[in-house]
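Numbering (mature numbering (1 follows the signal peptide of the UniProt record, and there is no 0)), first residue to last: -24 to -1, 1 to 299. Idealized CB from N, CA, C, for every residue including glycine. Notes to accompany the following structure.
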Amino acid sequence: MPPIRFGRRALLGAGLALSTPALAQRGWPAGRPIEIIVPFAPGGGMDAMARTVAPFLAAKLPGARVLVSNRAGAGGQVGTEAVANAAPDGFVLGACATPTVLSQPIERPVRWRPAELTYLAQVVEDPCGLFVRADSALRGLPDLLAAARARPGDVAYGTAGIGGDDHIATLLLEEAAGVRLNHIPFNGTSQLLVPLLGGQLEVGAFNISEALPLLRDRAIRGLALAAERRDEAAPDIATYREGGVDVVFSAGRGIFGPPGLPDAVRTALEEAFAATFADPAWPEAAARAGLPLKTLVGSAYREAALGGEAALRALWGRRPWKE
């Protein structure tokens, strides 16, 4: 992919122009916190992931403070652009979701190229699912498909935004099942829960980690998960395949930095994430937050994040999803 230029950014100051051993020995430059920008409203899966990993990252970078901020808008575009265009000094990082970071540049003009971002660490792989209010007449995926066939284009489902993982997963469901639903995008999963629980929205499309607290409270029920197998935390929810639709799709969530992050800073951050994932306290913290872990660091994360771009472009050719 040819490079894209966003204009000249400030070079690293003397405090960060250090070798990796120097960073390890002298600690992270003090005086300014590392900010992790979550491109969605508080309360969703991205927010939970970032807030769970932040204190571990700070602990593995002596002298560092790590803050999480939410910058919602345009289905994650606003926050992602803020990170992509930040100075490459390690003080501004972002919560990244695949396929959103790949799908939005396909559908609209954005101020980043996926291949130029610095992919630091994937934290979770979170299967997509479809959920309804506990008293819904829809009992499973076959019921939803029957309703969609009876009312083409009328059955409404909400997602965290256009081109996000749950939107893409539902488009694949529609394609495989030969149905058409009515997509209602919101600025984050937390925003769609109000109308879903209030009965104004028939179906919510979001991830199992986001659903677990409401499933435990019996406020919602799961229709199906786009997973290889049933989730141990919600074994009563069938997979799409069990419902007759061969679709498997998940959200990958991790932390990324702007293009051009210097090797010393990138390596220090990657080592901090690797140390976090090896920390015996990490699985316990992740479990409390309901994070379905699949950790990848550095080049492994980059490969996984960019690996689905060709399939997304092919889907766009068959079914452009901009609405």
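Relative to the alpha-carbon of residue 306, which residue among A254, D193, E101 and A265 has its alpha-carbon at the smallest distance? No information on residue 306 is available, as it lies outside the stretch -24 to 299 that the chain covers here.
Separation of V54 from G19, as counted between CA atoms: Within the sequence shown, the letter at position 43 stands for residue 19. Within the sequence shown, the letter at position 78 stands for residue 54. The straight-line gap from Cα to Cα measures roughly 18 Å.
Rounded to whole angstroms, what's the CA-CA distance from G154 to A123? Just pull it up for me. For the purposes of this step, residue 154 is taken as residue 178 along the sequence shown, with counting starting at 1. For the purposes of this step, residue 123 is taken as residue 147 along the sequence shown, with counting starting at 1. Each residue's alpha carbon lies about 13 Å from the other.
Smallest Cα separation from S185: which of A132, I138, R217 and P103? For the purposes of this step, residue 185 is taken as residue 209 along the sequence shown, with counting starting at 1. Checking every option, the nearest Cα to that of S185 belongs to P103.
Given 8 Å as the limit, is there contact between the segment 41 to 53 and the segment 109 to 117, that is, 3 or more CB pairs closer than that? Remark: fewer than three beta-carbon pairs, one from each stretch, lie closer than 8 Å, so the segment 41 to 53 and the segment 109 to 117 are not flagged as touching.
For D222, the three-state DSSP class (helix, strand or coil): By one-based count along the sequence shown, residue 222 stands at place 246. If DSSP states are grouped into helix, strand and coil, D222 belongs with coil.
Tell me which same chain residues have a C-beta within less than 8 Å of the C-beta of G217, skipping the five on either side of it? Working through the sequence shown from its first residue, we reach residue 217 at position 241. Looking at the sequence provided, one finds Arg at residue 217 rather than Gly. For R217, where only same-chain residues beyond five positions count, the Cβ hits under 8 Å are V223 and V224.
For P171, tell me which candidate among E208, A132, T146 and L282 has the shortest Cα-Cα distance. Against the sequence shown, residue 171 aligns to sequence position 195. The shortest C-alpha separation from P171 is found at A132.
Minimum C-alpha distance to E204 - residue among S166, P189, T135 and S226: Position 228 of the sequence shown, counted from the start, is the residue given in the question as residue 204. Taking each of S166, P189, T135 and S226 in turn and checking the Cα distance to E204, the smallest one comes out for S226.
Chain B beta carbons: is any one of them nearer than 8 Å to that of G139? No chain B appears in this structure, which consists of one protein chain only.
Quickly, what does DSSP pair L191 with across the bridge? List them, please. Sequence index remark: in the sequence shown, residue 191 carries index 215 (1-based). Checking the DSSP bridge columns, you'll see L191 has no partner listed.
So, N158 versus D119, is the Cβ gap smaller than 8 Å? As a working mapping, residue 158 is identified with position 182 in the sequence shown. As a working mapping, residue 119 is identified with position 143 in the sequence shown. In this structure, N158 keeps its C-beta atom at 8 Å or more from the C-beta atom of D119.
Please state whether DSSP places F253 in a helix, a strand or coil. Locating residue 253 in the sequence shown gives position 277, counting from the first residue. In the structure shown, the three-state DSSP call for F253 is helix.
Whole angstroms is fine: what's the gap from L199's alpha carbon to G274's? For the purposes of this step, residue 199 is identified with residue 223 of the sequence shown, where counting begins at 1. For the purposes of this step, residue 274 is identified with residue 298 of the sequence shown, where counting begins at 1. Looking at the two C-alpha atoms, the distance is approximately 35 Å.
Whole-angstrom Cβ separation of residue 300 and G51, contact assumed at under 8 Å? Outside the shown range of the chain (-24 to 299) lies residue 300, about which nothing can therefore be said.
Helix, strand or coil for D23 per DSSP? The count along the sequence shown starts at 1 and reaches residue 23 at position 47. In the structure shown, D23 sits in a helix (DSSP, three-state: H, G or I).
Buried or exposed for R294, going by 16 or more other Cβ atoms inside 10 Å? To locate residue 294, count along the sequence shown from 1; it is residue 318. Of the other Cβ atoms in all chains shown, fewer than 16 fall within 10 Å of the Cβ of R294; this residue is therefore exposed.
Using the Cα positions of residue 303 and L117, report the straight-line distance between them to the nearest angstrom. Residue 303 lies beyond the stretch modelled for the chain, which goes from -24 to 299, so this question has no answer here.
Identity of the residue in R289, A250 and A257 nearest A276 by Cα: Taking the first residue of the sequence shown as position 1, residue 276 is located at position 300. It is A250.
Between V77 and T56, is the Cβ-Cβ spacing less than 8 Å? Here residue 77 corresponds to residue number 101 of the sequence shown, with the count starting at 1. Here residue 56 corresponds to residue number 80 of the sequence shown, with the count starting at 1. Going by C-beta atoms, V77 is nearer than 8 Å to T56.
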